[in-house]
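Residue numbers (my numbering), protein chains in the order written: chain A, 2 to 404; chain B, 58 to 207. Note that the Cβ used here is the ideal one computed from N, Cα and C, for glycine as well.
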């Protein structure tokens, strides 16, 4: 196992979540109630009192989904947090999920705060699947919304078409991602979907935005997830084994920009990508490792083809080879890691467990490194967690095991 | 294979646009059935959507350039249904504009069997009514190639 050279100065000390619900099931709860339940669970897991939380590191501008807002003041007021010393959010949307832990690290390393909570809560009062159509039009969105690209999946179907055109990728590869992810969910008590998905079901499903069918889309779920990050020293005194932050990065290049809210990515290779390659390069450089050192990959799976494109951008296979790579069985979970393979979304991901805008991937990374995952990769020492792909910022996170 | 349903654009009352000083010339021209694109007055680079600065030289000066209306399909999707319009068939498309290199437009191909669309299909602009009296540039398959000038 490679010795990484990452920072390891902060660690995830606690994780918590509500049950995962289907769209509409949490209508009797407020977004602050949902977020608060997850925060209290994460603090209990860590063994800290919620009153000791002194930092909030959000992503997606602290929006809960793309409609409601998680106001820091409301959380502080109702949870009894004594004094907030840091409250910030990454810009953009789900692209920042993994990177929010880097934001928490920034607060801790700077000495601004010591117990920092990241939280995402999601209700679908505004249905995310068609959020583009339901938002009030702006001068910028006037160049996309009128076309009928109603939601994120519709937008990404256009990138997918290019990937198929340029590299010969087929829907079989997307089916394999959907089916293998579902397989991982079968043993997960909290997973929304626990029945196997067959090729017949996949290929007879409704086409929503051709080439994407129903099973290429993530779930329309509700729920909340929270993560407690603190200094490595403090984490060692808490209840759980610390899960150090080896490296975190967010951002993206001008060539990616607003990506599929724009479609101006100038070269074919960037267009048919996840936009995460600059993040991957920076993460691996900071950690002093390569993709081959990663034991388990928690890849943001809002849509199956974007998993494939991230596998390329994060260096698990060559650019354009994502189709043959997944069809070889390389992303299937096996308890023992096989050279050249990488277990992907061992928790069932957003395709089959629950969609909470990337936050469940962080939870699974932590469980893998504590050694408590339901689908444990034996001896896992490094986990990759990704955010996005979406408009800048995209993000990534490498978590480790304390040593 | 195909049910022969021709792709359409969203009905006028389902489409609203908003403008700002950077984008309004585009829409004003469309209302006159002209397709235009902003070209940097400093370095000559095209960009779409219109934005305040040229990303290559940071100039704010723009020449609004009238285009031929020719386009090619860079990528497309076939969308079945839209909120409130479950039976609609749309072909949202990203087009390259041969006379505005570097600028792409997100639009629709209309009047075509969706099964016939391909990357590289040659298109020509048309204009489709939307709310508040504006017109939306959309695209149809180009007719027989215009006679080439020798």
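- Contact between residue 227 of chain A and residue 42 of chain A holds, since their C-beta atoms are separated by about 7 Å, short of 8 Å.
- Under a 10 Å Cβ-count criterion, residue 175 of chain A is classified as buried, with 16 or more other Cβ atoms of the shown protein chains found around its own Cβ.
- Here residue 238 of chain A is exposed. Its C-beta has fewer than 16 other C-beta atoms within 10 Å.
- For residue 303 of chain A, no alpha helix (DSSP H) encloses it, and the DSSP letter there is neither H nor E.
- Contacts between residue 125 of chain B and chain A, judged by CB atoms closer than 8 Å, are missing: the closest CB pair is about 20 Å apart.
- Contact annotation, residue 12 of chain A with residue 246 of chain A: C-beta distance approximately 6 Å; criterion of less than 8 Å satisfied.
- Ranked by Cα distance from residue 387 of chain A, the options A:320, A:300, A:326, A:364 are led by A:300.
- Exclusion of the five residues before and after residue 298 of chain A leaves 343, 345, 385 as the residues of its chain whose Cβ lies within less than 6 Å of its Cβ.
- In this structure, DSSP gives residue 190 of chain A a state outside helix and strand, which the three-state scheme calls coil.
- One Cα belongs to residue 243 of chain A, the other to residue 257 of chain A, and the distance between them is close to 35 Å.
- CA-CA distance, residue 78 of chain A to residue 36 of chain A, rounds to 13 Å.
- In the same chain as residue 305 of chain A, and ignoring 5 residues on each side of it, the C-beta atoms closer than 6 Å to its own belong to 175, 178, 179, 217, in chain order.
- Those residues of the segment 98 to 126 of chain B placed with their C-beta closer than 9 Å to a C-beta in chain A are 104, 105, 106, 107, 108, 112, ordered along the chain.
- In the pairwise beta carbon analysis, the segment 83 to 100 of chain A is classified as touching the segment 61 to 71 of chain A: at least three pairs are separated by under 8 Å.
- About 26 Å separates the beta carbons of residue 155 of chain B and residue 136 of chain B, which is beyond the 8 Å limit, so they are not a contact pair.
- Contact holds between the segment 165 to 183 of chain B and the segment 61 to 78 of chain B, because three or more Cβ pairs, one in each stretch, are under 8 Å apart.
- Against chain B, the beta carbon of residue 144 of chain A has neighbours under 8 Å at 80, 105, 106, 162, 163, listed in chain order.
- Here residue 342 of chain A carries a coil assignment [DSSP, helix/strand/coil].
- Your pair residue 210 of chain A and residue 275 of chain A does not check out as a contact, with CB atoms roughly 18 Å apart and the cut at 8 Å.
- Taking a cut-off of 8 Å on C-beta distances, the segment 143 to 151 of chain A touches the segment 72 to 81 of chain B, as three or more cross pairs fall below it.
- Taking the C-beta atoms as reference points, residue 189 of chain A is found nearer than 8 Å to residue 348 of chain A.
- Taking C-alpha positions only, residue 183 of chain A is separated from residue 358 of chain A by approximately 18 Å.
- Residue pairing by DSSP puts residue 132 of chain B in a beta bridge opposite B:151.
- For residue 223 of chain A, the enclosing beta strand (DSSP E) starts and ends at 222 to 232.
- Bounds of the beta strand (DSSP E) holding residue 59 of chain A are 56 to 59.
- Using a 10 angstroms sphere on the CB of residue 373 of chain A, the tally of other CB atoms stays under 16, which defines it as exposed.
- Below the 8 Å Cβ cutoff, chain B contributes 135, 137 as neighbours of residue 208 of chain A, in chain order.
- Of the candidates A:56, A:296, A:122, A:154, A:56 places its Cα closest to the Cα of residue 111 of chain A.
- Chain order gives the chain A residues near residue 159 of chain B as 265, 267, where near means a beta carbon separation below 9 Å.
- In this structure, the beta-carbon distance from residue 397 of chain A to residue 277 of chain A falls below 8 Å.
- The segment 349 to 403 of chain A contains, as complete beta strand (DSSP E) runs of 3+ residues, the segments 383 to 388, 395 to 401 (chain order).
- Under the Cβ criterion of 8 Å, residue 67 of chain B is counted among the residues facing chain A.
- Rounded to the nearest angstrom, the gap between the Cα atoms of residue 119 of chain B and residue 80 of chain B is 11 Å.
- Annotated as distal: residue 27 of chain A and residue 167 of chain A, with beta-carbon spacing of 8 Å or more.
- Neighbours of residue 149 of chain A in chain B, taken as residues whose beta carbon is under 8 Å from its own, are 66, 67, 136, 139, 145, 147, 149, 165 in chain order.
- Fewer than three beta-carbon pairs drawn from the segment 195 to 205 of chain A and the segment 321 to 338 of chain A are found closer than 8 Å, and the two stretches are therefore not classed as touching.
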